[in-house]
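Chemist: Let me give you the structure first, and then I'll get to my questions.
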Amino acid sequence: MKKLTERAEIEQLQNTLVAHIPNDWALVTAGNIDSFNTMTVAWASLGDIWWKPVFNAWVKPSRYTYEFIEREEFFTVQFFSPEHKDDLVILGTKSGRDCDKVAETGLTPMDIDGKVTFEEALVTLVCRKLYSQPLDPAGLPEDVVNQYYQDGEVHTHFIGEIVEAYVKE
Ligand SMILES: Cc1cc2nc3c(=O)[nH]c(=O)nc-3n(C[C@H](O)[C@H](O)[C@H](O)COP(=O)(O)O)c2cc1C
């Protein structure tokens with residue numbers, strides 16, 4: 073894997089990844105190789121704030137991964153080729169709280185400087201958590217609340233500064 077640390081390289085990578093998220097999804101992973109969890113996300117985005125390249129994720133507190141993201145200073149984000157979509161379905165429908173769901177996939181966890189990614193990931197973003205705040209339903213239109221938050225469990229917005237990226241060679 074090639075490690076990217078230059079801001080210009082990271083921003084260029086962001087541009088190529090933007091279109092992938094809604095259709096191809098991504099994984100958000102947090103913890104270390106001895107204790108981590110990962111989940112599929114589709115409601116996520118790449119952008120800039122405070123002149124920093126960032127990854128935004130919206131994660132419900134009931135997800136086991138949420139506990140790891142909340143606890144850790146960093147989280148990582150993985151992008152895959154379409155052949156791994158079945159793996160992302162498993163990781164997005166089963167909880168690491170109930171089973172070793174990664175073992176049910178074809179993915180191979182690996183350590184990167186104390187964080188975790190997967191050997192099969194085409195791209196891994198290493199994100200430093202800058203912000204974590206539940207969405208306030210009072211600031212949302214009624215149709216969104218009615219459609220998505222009838223049960224009262226709102227997403228928490230995480231902003232992670234992309235400090236490094238790894239690209240599979
Ligand atoms: C395609 C897809 C996209 C998803 N996107 C999100 C998301 O953006 N935010 C979220 O909180 N859950 C999302 N989920 C649901 C979680 O991935 C799912 O609840 C997962 O089982 C949580 O695993 P965990 O309990 O091991 O963390 C998505 C699921 C799928 C299949």
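So our numbering is basically just the index in the sequence shown, starting at one, shifted up by 72. Just so it is clear, CB atoms sit at the ideal spot from N, CA and C, and this is done for glycine as well. Computed from a predicted structure; not experimentally measured.
On the DSSP bridge assignment, give the partners of residue 103 in chain order.
Modeler: DSSP output for residue 103 lists 108 as bridge partner(s).
Chemist: Which residues mark the beginning and the end of the beta strand (DSSP E) in which residue 150 is found?
Modeler: Residue 150 -> beta strand (DSSP E) spans 146-151.
Chemist: If you compare alpha carbons, which of 228, 94, 231 and 80 is closest to residue 157?
Modeler: Among 228, 94, 231 and 80, the Cα nearest to that of residue 157 belongs to 94.
Chemist: Rounded to a whole number of angstroms, what is the C-alpha to C-alpha distance between residue 222 and residue 162?
Modeler: Each residue's alpha carbon lies about 25 Å from the other.
Chemist: For ligand 1, is there any heavy atom lying closer than 7 Å to the beta carbon of residue 123?
Modeler: Flag unset: Cβ of residue 123 not near ligand 1.
Chemist: Here's a check: name, in chain order, each residue in its chain whose Cβ is nearer than 6 Å to the Cβ of residue 149, leaving out the five neighbours to either side.
Modeler: Hits under 6 Å: 98, 100, 127 and 197.
Chemist: Please determine whether the Cβ atom of residue 166 lies at a distance below 7 Å from any heavy atom of ligand 1.
Modeler: Residue 166 Cβ: within cutoff of ligand 1.
Chemist: Should residue 109 be counted as a contact of ligand 1 given a C-beta to heavy atom distance under 7 Å?
Modeler: Indeed, a heavy atom of ligand 1 lies less than 7 Å from the Cβ.
Chemist: Comparing C-alpha positions only, which one of 211, 230, 224 and 153 sits nearest to residue 191?
Modeler: It is 153 whose Cα lies nearest to the Cα of residue 191.
Chemist: So what does DSSP say about residue 78, is it helix, strand or coil?
Modeler: Three-state result, residue 78: coil.
Chemist: Mapping DSSP to helix, strand and coil, what is residue 156?
Modeler: Helix.
Chemist: With a cut-off of 8 Å, do at least 3 Cβ pairs link the region 75-92 to the region 100-114?
Modeler: With the cut-off at 8 Å, the region 75-92 and the region 100-114 do not touch.
Chemist: Going by the CB atoms, is the gap between residue 75 and residue 145 shorter than 8 Å?
Modeler: Not in contact: residue 145 and residue 75 (Cβ atoms no closer than 8 Å).
Chemist: The beta strand (DSSP E) with residue 181 in it runs from where to where?
Modeler: Looking at the DSSP string, the run of the beta strand (DSSP E) that includes residue 181 is 181-184.
Chemist: Verify the contact flag: residue 92, CB atom, against every heavy atom of ligand 1, threshold strictly below 7 Å.
Modeler: No.
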